[in-house]
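Worksheet: one structure, shown below.
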Amino acid sequence: AQSVTQLGSHVSVSEGALVLLRCNYSSSVPPYLFWYVQYPNQGLQLLLKYTTGATLVKGINGFEAEFKKSETSFHLTKPSAHMSDAAEYFCAVMGNSGNTPLVFGKGTRLSVIA
Amino acid sequence: KAGVTQTPRYLIKTRGQQVTLSCSPISGHRSVSWYQQTPGQGLQFLFEYFSETQRNKGNFPGRFSGRQFSNSRSEMNVSTLELGDSALYLCASSLGWQTYEQYFGPGTRLTVT
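Heads up: the protein sequence lines correspond to chains A and B, in order. If you count the first sequence from 1, position 53 lands on 56 in our numbering, and the numbers rise without skipping. If you count the second sequence from 1, position 9 lands on 43 in our numbering, and the numbers rise without skipping.
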């Protein structure tokens, strides 16, 4: 069975500071990994994904994440936080056959302080 | 290209009633998945449909059911509503089965009183 743990249900950063949202996964097979963002009263938007190949993946809005197999981690980073980054962020895992459903972490709410 | 649309966006029902939610996937997408989002349980997978066939099912009671039509539109039904069914129900579409990139709709907010 696959699972995702997101460390910290709430992270607060100052505008311009580094954003680091942590995600660790458990999977018996090499997984596909995803980060989604959810703004209030909206659905989920895909930020970035890792399937195969380069372990450092870049996404939209300046976000990137690095797949570290040895640490079973897929942490999300952004060098400089913007007020518009305030949202809920979800890490998700899927088996690499692509035919298993997404398993989500509990989410991390990011607050950006001016 | 239009995104995933869900109707209605908001719904209030009474315990014991039933409800039907609708999802129209992105044009050309043939797979539709449904998720329930609650503050306590987070995002949980309900079921996935591809070519009018249920391919995967999550761990929900039989009161939760769904179907997919030949045009890929999907509906989910919840019968005998309980207070705990209050949630945001999200639909996601993807090109086909075994394609991993899912695009989510805005969700239907269901409140059961």
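We put the CB at the ideal spot given by N, CA and C, even for glycine. As the structure is a computational prediction, the values presented were derived from the model and not from experiment.
Could you pull the DSSP bridge partners for residue i from this structure?
| i | result |
| --- | --- |
| B/V38 | BP columns for B/V38 are empty, so no partner. |
| B/G76 | B/T72 |
| A/G98 | A/P34 |
| B/T54 | B/N111 |
| B/R143 | B/Y44 and B/L122 |
| A/A68 | A/V60 and A/L79 |
Would you identify the three-state DSSP class for residue i, choosing helix, strand or coil?
| i | result |
| --- | --- |
| A/L105 | coil |
| B/L129 | coil |
| B/N90 | strand |
| B/G100 | strand |
| B/S108 | strand |
| A/S76 | strand |
| B/L122 | strand |
| B/L117 | helix |
| B/S67 | strand |
| A/S83 | coil |
Of all the CB atoms in chain A, is at least one closer than 8 Å to the CB of residue i?
| i | result |
| --- | --- |
| B/G96 | no |
| B/L124 | yes |
| B/S106 | no |
| B/Y134 | yes |
| B/N90 | yes |
| B/S56 | no |
| B/L192 | Outside the displayed range of chain B (35 to 147) lies residue 192 of chain B, so it cannot be described from this structure. |
| B/S85 | no |
| B/S67 | yes |
| B/L77 | yes |
| B/F138 | yes |
| B/G141 | yes |
Does the beta carbon of residue i come closer than 8 Å to any beta carbon on chain B?
| i | result |
| --- | --- |
| A/Y2 | The shown model of chain A, from 4 to 117, leaves out residue 2 of chain A, and the question about it has no answer. |
| A/L47 | yes |
| A/P33 | no |
| A/M97 | yes |
| A/F93 | yes |
| A/T105 | Residue identity check: residue 105 of chain A is Leu in the sequence provided, not Thr. Taking Cβ atoms only, chain B reaches closer than 8 Å to A/L105, which makes this a yes. |
| A/T54 | yes |
| A/K61 | no |
| A/G11 | no |
| A/G110 | yes |
I want to verify the contact list: residues of chain D whose CB lies under 8 Å from the CB of residue i, in sequence order.
| i | result |
| --- | --- |
| B/G118 | The chain labelled as chain D is not found among the protein chains of the depicted structure, namely A and B. |
Consider the C-beta atom of residue i and the heavy atoms of the ligand MG; say whether any pair is separated by less than 7 Å.
| i | result |
| --- | --- |
| A/E69 | As presented, the structure is devoid of all ligands, the ligand MG included, so that no description of it is given. |
Is there contact here, the region 34-51 of chain A with the region 86-103 of chain A, by at least three beta-carbon pairs under 8 Å?
-> yes
At what residue ranges does the region 23-66 of chain A contain a whole run of the beta strand (DSSP E), taking only runs of 3 or more?
-> 34-41, 47-53 and 59-61
Should the region 75-85 of chain A be regarded as contacting the region 45-56 of chain B, the criterion being three or more beta carbon pairs within less than 8 Å?
-> no
Segment contact flag, the region 99-115 of chain B with the region 64-74 of chain B, C-beta cutoff 8 Å, min 3 pairs = yes
Spell out a yes or no on whether the region 25-37 of chain A and the region 99-117 of chain A are touching, meaning 3 or more CB-CB pairs, one atom from each, closer than 8 Å.
-> Yes: at least three Cβ pairs fall under 8 Å.
Is the region 11-19 of chain A touching the region 49-61 of chain A, taking contact as three or more C-beta pairs under 8 Å?
-> no
Spell out a yes or no on whether the region 55-65 of chain B and the region 80-100 of chain B are touching, meaning 3 or more CB-CB pairs, one atom from each, closer than 8 Å.
-> yes
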